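The next block holds one structure in the form of structure tokens; read it before the comments.
Protein chains in written order, with the numbering used here: chain A, 100 to 232; chain B, 100 to 232; chain C, 100 to 232; chain D, 100 to 232.
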């Protein structure tokens, strides 16, 4: 499953070089991830209400070309791996309707309860499994 | 009492106009406020541990001249008013060692417990009173 | 003219209190302002290409109730005043489909060329005038 | 050469989980990098005045334990590789005076002029070389 999320680049997303500050792509990965989960009928809020949090333990990103103020970008999110303890997502960011990749990367998160890594409850795992492949 | 806090302007504080994005001055007001409280031997963490939170209910700011990347700025914080339910701070931001005011403004916060406005406990109030005038 | 812009609250918009950090409403005012201008067929980019920038000289905001992660909010933007040198906008932020105001405020900007306040060229002024009232 | 930079965690650095949002560590890497360059008597501003910009093309980070509001953190920055076209930095983030690593990672940047990768002028290269090893 691939979920595509749109974002309009904000003035506050940019920096003195006239382009988007690179740390903001990491934020947009999160935006993509949240919408990917929503497409599986899963929200972080529902998980948090159940005591499960979703900390990111690793991220990586490559920046190929800059996005600029007011660009409409697409954040393409896919699930690459899933166990009951861990999940990995991949992201590709393009200008809307353009083939060129502006940035891509990945994030790995664990599932924790009370600050410790836990086994993700079946009710959440079952939904996430549907997002693989 | 006036407390002066230094901040080095970050690249990510700036925008496409080559200057600091105006919303960041509101963040720097907070930096000044936190250091003002620390100078009174009071931390937000200590208050939160006691169930007291400190939501901002009003802010205002004027922007006179822009700060730029790598500028060292001074955030000058004073307490303007205090009751057991409410507090008002004033802020002046200058480039370090320069008289010219870049931005100034104010914030008003209330004290709340369980999401409702409360009377600030004496142990905190006593310390804050020392910061007036 | 009133322009309503939707925003989904991001995880990175929130803070340790579990609510949106107040400085982010100031950023959302900008989001509303940019969309208001777009509704008048005007972009900051077009103005910047003409050498005109749009610095904010004053903002004010009141925070009535907190927005939280994943809330869908509406940013309602209106133009309150316009001269050839200056413009004032008002903003009201609500949870989508809810009457209750979460935050409201205003911004004043000037129009500048080469860092000095200028008279806004007719081609831009004419479009902005349509947004009043 | 290793350069250590201090940062006090801000309220606006945190999120609803009560810890620092992971994207902020990427911003702090930049803070470390800027101070590393300053220790070599080099500023991004001097390079930009010469037409050289310094875009990040790749970042990676691992998050081991969370920083919280008001923590004093140390950003330890080292230069790992340098050519006339490219540079790689490594970062380790700890709580001040604590051995435990909260986050670590790396960034790779290129040197560009007029949007194209260039050979870094000798006057800058000579200073950067001193920071290796």
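Cβ coordinates follow ideal geometry from the N, Cα and C atoms, glycine included.
Computed from a prediction, not measured in an experiment: that's the story for all the values here.
- Under the 8 angstroms criterion on CB atoms, residue 169 of chain B is classed as interfacial with respect to chain D.
- Between residue 167 of chain A and the set A:209, A:224 and A:117, the nearest pair of CA atoms involves A:117.
- Among the CB atoms of chain A, one or more fall inside 8 angstroms of the CB of residue 111 of chain C.
- In chain order, 110 and 111 make up the part of chain A whose C-beta sits under 8 angstroms from the C-beta of residue 120 of chain B.
- Residue 223 of chain C is positioned such that its CB atom lies no closer than 8 angstroms to that of residue 147 of chain C.
- Taking 8 angstroms as the threshold, the shortest C-beta distance from residue 159 of chain D to chain A falls below it.
- Within the same chain, Cβ atoms closer than 6 angstroms to the Cβ of residue 195 of chain C are found at 171 and 173, the five residues on either side in sequence being excluded.
- Contacts with chain B (Cβ-Cβ distance below 9 angstroms) from the region 172 to 206 of chain C involve 204 and 206, listed in chain order.
- Restricting attention to C:220, C:103, C:134 and C:227, the CA atom closest to the CA of residue 179 of chain C is found in C:227.
- Going by DSSP, residue 133 of chain D is part of the alpha helix (DSSP H) stretching over 122 to 138.
- Counting along the chain, residue 145 of chain A sits inside no beta strand (DSSP E); it lies in the alpha helix (DSSP H) bounded by residues 143 to 148.
- Listed along chain D, the residues sitting closer than 9 angstroms to residue 116 of chain A by beta-carbon distance are 147, 152, 153 and 154.
- For the C-beta of residue 129 of chain D, the chain B residues within less than 8 angstroms are, from N- to C-terminus, 109, 110 and 111.
- Only 133, 142, 143 and 144 from the region 133 to 146 of chain B bring a Cβ to less than 8 angstroms from some Cβ of chain D.
- Per the coordinates, the alpha-carbon of residue 177 of chain A lies some 38 angstroms from the alpha-carbon of residue 219 of chain D.
- Looking at the backbone, the Cα of residue 102 of chain D and that of residue 190 of chain D are separated by about 10 angstroms.
- The residue among B:207, B:209, B:186 and B:210 with its C-alpha nearest the C-alpha of residue 231 of chain B is B:186.
- Nearest CB-CB separation between residue 216 of chain B and chain C: not below the 8 angstroms threshold.
- With a contact defined as Cβ atoms closer than 8 angstroms, residue 211 of chain B and residue 114 of chain A miss out at about 36 angstroms.
- In terms of beta-carbon proximity, residue 212 of chain D stays away from the interface with chain A, with every pair separated by 8 angstroms or more.
- In this structure, residue 109 of chain B keeps its C-beta atom at 8 angstroms or more from the C-beta atom of residue 175 of chain D.
- In the three-state reduction of the DSSP assignment, residue 225 of chain B falls in the helix class.
- Residue 105 of chain B counts as exposed, since fewer than 16 other beta carbons sit within 10 angstroms of its beta carbon.
- From the listed residues A:202, A:203 and A:183, the smallest Cα separation to residue 217 of chain A is found for A:183.
- Assigned with DSSP and collapsed to three states, residue 112 of chain B falls in helix.
- Residue 144 of chain C has its alpha-carbon roughly 19 angstroms from the corresponding atom of residue 214 of chain D.
- Using a 10 angstroms sphere on the CB of residue 202 of chain C, the tally of other CB atoms reaches 16 or more, which defines it as buried.
- Residue pairing from DSSP places residue 180 of chain C in a beta bridge opposite C:187.
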